[in-house]
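Here the structure comes first, spelled out in structure tokens, and everything after it is commentary.
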Amino acid sequence: MIEVQGLTKVYGNKAAVDNLTFSVEQGEVVGFLGPNGAGKTTTMRVLSCFMPPTSGSAKVAGYDIHADSIEVRRRIGYLPEHVPLYTELTVTQYLNFVAEAKAVPRVQRRQKVGELIERCLLHDVRGRIINTLSKGYRQRVGLAQALLGDPPVLILDEPTIGLDPKQIIEIRNLIRQMQGERTVLLSTHILPEVSVVCQRVIIINEGRIVAVDTPENLTRRLQRSTQVLLQVEGPPDQVTGRLREMAGILRVEMKDGGGVHGRYVVETEKDCDLRRELAHVVCSSGWGLLELRPVDMSLEDVFIRLVTEEQDSMTVDRSPVTLDG
Amino acid sequence: MGTLAVFKKEIRSYFSSPVAFVVFIIFLVISGYFFYSILLYFSLISMQASMNPAFATGLNVTDGILRPLFANMSVILLFLMPLLTMRLFAEERKQGTLELLLTYPLRDGEVLLGKFLAATALVALLLFATGIYPLLLGLWSEPELYPILTGYFGLLLLAMTFISLGLLFSSLTENQIVAAALAFGALLLFWIIGWAATLAEGDWALLFRHLSIMEHLSSFARGVLETKDVLYYLGLTGFFLFATLKSLEVRRWKG
Ligand SMILES: Nc1ncnc2c1ncn2[C@@H]1O[C@H](COP(=O)(O)OP(=O)(O)O)[C@@H](O)[C@H]1O
Ligand SMILES: [Mg+2]
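If you read the sequences in order, they're chains U and S. Per numbering that gives the first Met the number 0: the first sequence = residues 0 to 324. Per numbering that gives the first Met the number 0: the second sequence = residues 0 to 254.
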């Protein structure tokens, strides 16, 4: 449903997003996880056709964001990070405008707007001027706005930022209801959030993808293992076999299809440094050891900088909004 | 379709902020004052004319009242239009709402046209409200209808030019005051270029007069629709709108 290929966005001489490649399948809810400044908003702005990428391409529902921008925009519901709304209008006026802008047929407009007002729990405030609404209500108006026109793809930029715990739960429930029905890409810098709402996580840091996996696997990988990258000159099958026999090894994975100069990722128990043993095994088997280094430190770095407790997120969110676009 | 959505939204926004209201009041008060003083002056001259027929040549309501009134209204428009256009893009950029608007399935041109037409409709309403002055004249004299209509048409064309220029500056910045100041400065420049015409000679004078934004208005108030004057305003409007479109495109790249 969403295919991103080599996406790069450069501001001045700094790459905010650097050669990003990923895809999201139909009906998936995918989390875009990364600390502040990782490039989440930038990616989403490119996908929603707000701004063009410096290089690379992306397709949404088969349409190219550059060549068929209007077709892409018909199929995307976008909720920007700071939920910009026309605060001088009432909720109903605003949603009516959005329905018109998204070319919802005139005869369906009332009904669709009415449905979303109910679904997003906006019934009590539908006649209020947006200016007078709390952050939680505004977020729901933003979500309703994104859902208007029944877009198959939703792009939500930090949909729970700045909300109180009760509101966070409400918003997450609304998002979870969409699973299977719509394709959702949502960004967050809060680690527990993805495991609650997402089926798959893309972790990004400093504009690059660090890992893509299910929330469960990621947590396991992080909590239970350290990874070491090996490049060995030797027959791939034997090498993998020999490595797997070693004590303390959880998993051995061949990278780039192996070959005589194959690269292997070896997962070991957490805090158990087997590099010396690995080197010994490789050398004593008569193979050439070309490279040996610990990997995925970046993943850990990222996690350290992520908000790992719900409670933390509340304090972080109250800090003044910094200029990030 | 998209144009209509943006148009309706902008009209709503205009009437939910005090700016449009204030502009209306100021315009009506000042133009009313001008109308009153022109009327006073005209009746004074008429009185003298009735005593000394030599004055009476060329004394009529169209030339004596309406033409100066339209000229004055055009200057008030020049001062007030930037206040109506300053927010159109600058505010959206500042509030971040542009990020949503530009991701709806609308072409940039539709958005621009919607905003342009909303401001134009507002000015049309404003001009319509000043129709009270010719109506008052009609109570005790018989002003010619045709010059009034062409005069208003000219004012509307002029206002459209002001609006398109205001839109251009509004699209260049996220600060409304800066947008208004720049638009105002540019309009002043277009205006005073006409004064240079009186000082310059020959071809230069002609060129300056052609450029001056007010100069082209005089034919309308005389009841003459000159193609070159209509084209001047439409051409400038088109040019500024096109420039705004390009500026939106460029600003997209910067994010
Ligand atoms: N309009 C912009 N101009 C210049 N730099 C920007 C702009 N927007 C974002 N950046 C920079 O790009 C990087 C990524 O930002 P962003 O995509 O907002 O990250 P995130 O949403 O993950 O917090 C940051 O370093 C930010 O400072
Ligand atoms: Mg962000």
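Ideal Cβ positions, reconstructed from N, Cα and C, are used throughout, including at glycine.
Q. Looking at the structure shown, is valine 320/U part of a helix, part of a strand, or coil, going by DSSP?
A. Interpretation of valine 320/U is limited by its pLDDT of 41, a score under 50 that renders its predicted location unreliable; the figure taken from the coordinates is listed afterwards. Note: valine 320/U maps to coil in three-state DSSP.
Q: Give the straight-line distance between the Cα atoms of methionine 313/U and glycine 233/U, rounded to the nearest whole angstrom.
A: Residue placement at methionine 313/U is flagged as unreliable, the pLDDT there being 45, under the threshold of 50; the coordinate-derived value follows with that caveat. Straight-line Cα distance between these residues: approximately 52 angstroms.
Q) What in chain U is Cβ-close to tyrosine 106/S, meaning under 8 angstroms? A) The sequence shown places arginine at residue 106/S, not tyrosine. Here the neighbours are Ile69.
(Q) Using a 10 Å radius around the Cβ and a threshold of 16 neighbouring Cβ atoms, would you call phenylalanine 31/U buried or exposed? (A) Classification of phenylalanine 31/U: buried, given that the 10 Å Cβ count is 16 or more.
Q.
Is it the case that the stretch 72-90 of chain U contacts the stretch 99-112 of chain S, given that we only count it when at least three CB pairs across the two stretches are under 8 angstroms?
A. Segments in contact, yes.
Q: Pull out every residue of the stretch 8-24 of chain S whose Cβ sits closer than 9 angstroms to any Cβ of chain U, in chain order.
A: Result list: Lys8, Arg11, Ser12, Ser15, Ser16.
Q) Where in the stretch 48-124 of chain U do unbroken runs of the beta strand (DSSP E), each at least 3 residues long, occur, reported from the N-terminal end onward? A) Fully contained in the stretch 48-124 of chain U are the following beta strand (DSSP E) runs of length 3 or more, in chain order: 54-59, 75-78.
Q) Secondary structure at arginine 11/S, three-state DSSP: helix, strand or coil? A) Arginine 11/S: helix per DSSP, three-state reduction.
Q: Using a Cβ cut-off of 8 angstroms (strictly closer), state whether phenylalanine 31/U contacts chain S.
A: With 8 angstroms as the cut-off, phenylalanine 31/U does not count as an interface residue toward chain S.
Q.
Considering only heavy atoms of ligand 1, does any lie closer than 7 angstroms to the CB of lysine 39/U?
A. Correct: lysine 39/U has its Cβ closer than 7 angstroms to ligand 1.
Q: Within its chain, find whatever has a CB closer than 8 angstroms to the CB of glutamate 99/U; leave out the 5 residues flanking it on each side and keep chain order.
A: Hits under 8 angstroms: Arg108.
Q) So, helix, strand or coil for proline 17/S, using DSSP? A) Proline 17/S: helix per DSSP, three-state reduction.
Q: Take the Cβ of serine 318/U as the centre, count every other Cβ of all protein chains shown within 10 Å, and call the residue buried at 16 or more, exposed below.
A: Model confidence at serine 318/U stands at a pLDDT of 41, short of 50, so the residue's coordinates are unreliable; what they give is reported in the following sentence. Serine 318/U is exposed by the Cβ-count criterion.
Q) If the cut is a Cβ gap below 7 angstroms, which residues of chain S does serine 283/U touch? A) None at all; the shortest Cβ gap to chain S is about 56 angstroms.
Q) For the candidate residues Lys8/U, Gln25/U, Glu169/U, Leu88/U, whose alpha-carbon lies nearest to that of serine 16/S? A) Considering only alpha carbons, the answer is Leu88/U.
**Q.** First through last residue of the alpha helix (DSSP H) which encompasses tyrosine 10/U
**A.** Per DSSP, tyrosine 10/U belongs to no alpha helix (DSSP H); it is in the beta strand (DSSP E), 1-10.
Q) Out of curiosity, what's the CA-to-CA distance linking isoleucine 191/S and arginine 137/U? A) Roughly 48 angstroms between the two C-alpha positions.
Q: With DSSP collapsed to three states, give me the class of arginine 106/S.
A: Coil at arginine 106/S, not helix or strand.
Q | For isoleucine 160/U, the three-state DSSP class (helix, strand or coil) | A | Secondary structure at isoleucine 160/U: coil, using DSSP grouped into helix, strand and coil.
(Q) Determine, for glutamine 94/S, whether the minimum Cβ-Cβ distance to residues of chain U falls below 8 angstroms. (A) The C-beta of glutamine 94/S comes closer than 8 angstroms to at least one C-beta of chain U.
Q.
Is it the case that the stretch 194-211 of chain U contacts the stretch 259-268 of chain U, given that we only count it when at least three CB pairs across the two stretches are under 8 angstroms?
A. No: the two stretches stay apart, fewer than three of their Cβ pairs being nearer than 8 angstroms.
Q) Quick one: which chain U residues come within Cβ less than 8 angstroms of arginine 251/S? A) Contact note: arginine 251/S reaches chain U through Phe49, Met50, Pro51, using a C-beta cutoff of 8 angstroms and chain order.
Q. For valine 18/S, which residues from the same chain have a beta carbon less than 8 angstroms from its beta carbon, with the 5 sequence-adjacent residues on both sides left out?
A. Result list for valine 18/S: Leu82, Leu83, Arg86, in chain order.
Q) Taking Cβ-Cβ distances shorter than 7 angstroms, what residues in chain S pair up with histidine 81/U? A) What histidine 81/U touches in chain S, judged by beta-carbon distance under 7 angstroms, is Gly95, going in chain order.
Q. Can you find a C-beta in chain U that's less than 8 angstroms from the C-beta of glutamate 98/S?
A. Cβ-Cβ to chain U under 8 angstroms: yes for glutamate 98/S.
Q | Which residues DSSP lists as bridging proline 293/U, in chain order | A | According to DSSP, proline 293/U bridges with Val227/U.
Q | Neighbour flag for lysine 13/U against chain S, beta carbons, 8 angstroms | A | No, its Cβ sits nowhere closer than 8 angstroms to a Cβ of chain S.
Q.
Using the Cβ count rule (16 or more neighbours within 10 Å means buried), how would you classify alanine 89/S?
A. Buried: at least 16 other Cβ atoms inside 10 Å.
**Q.** Interface flag, tyrosine 103/S vs chain U, CB-CB below 8 angstroms
**A.** Tyrosine 103/S counts as touching chain U.
(Q) If you follow the alpha helix (DSSP H) that alanine 180/S is in, where does it begin and where does it stop? (A) Here the alpha helix (DSSP H) through alanine 180/S covers 175-198.
Q.
Excluding the 5 residues flanking serine 218/S on each side, which residues of the same chain have their C-beta closer than 6 angstroms to its C-beta?
A. Same-chain partners within the cutoff: Glu225, Asp228.
Q. Can you tell me whether lysine 13/U is buried or exposed, with buried defined as 16 or more other CB within 10 angstroms of its CB?
A. Exposed, by the Cβ-count rule.
Q: Would you check if the distance between the CB atom of leucine 147/U and the CB atom of leucine 185/U is smaller than 8 angstroms?
A: Leucine 185/U sits away from leucine 147/U, with the two beta carbons spaced by 8 angstroms or more.
**Q.** Check: glycine 237/S C-beta below 7 angstroms from any heavy atom of ligand 4
**A.** Ligand 4 is not among the ligands present in this structure, which contains only ligand 1 and ligand 2.
Q.
Between which two residues does the alpha helix (DSSP H) holding histidine 326/U run?
A. The structure shown does not extend to residue 326/U, since chain U is modelled only from 0 to 324, so the question has no answer here.
Q.
What does DSSP give as the partner residue(s) for alanine 210/U in the beta ladder?
A. Alanine 210/U is bridged by DSSP to Ile202/U.
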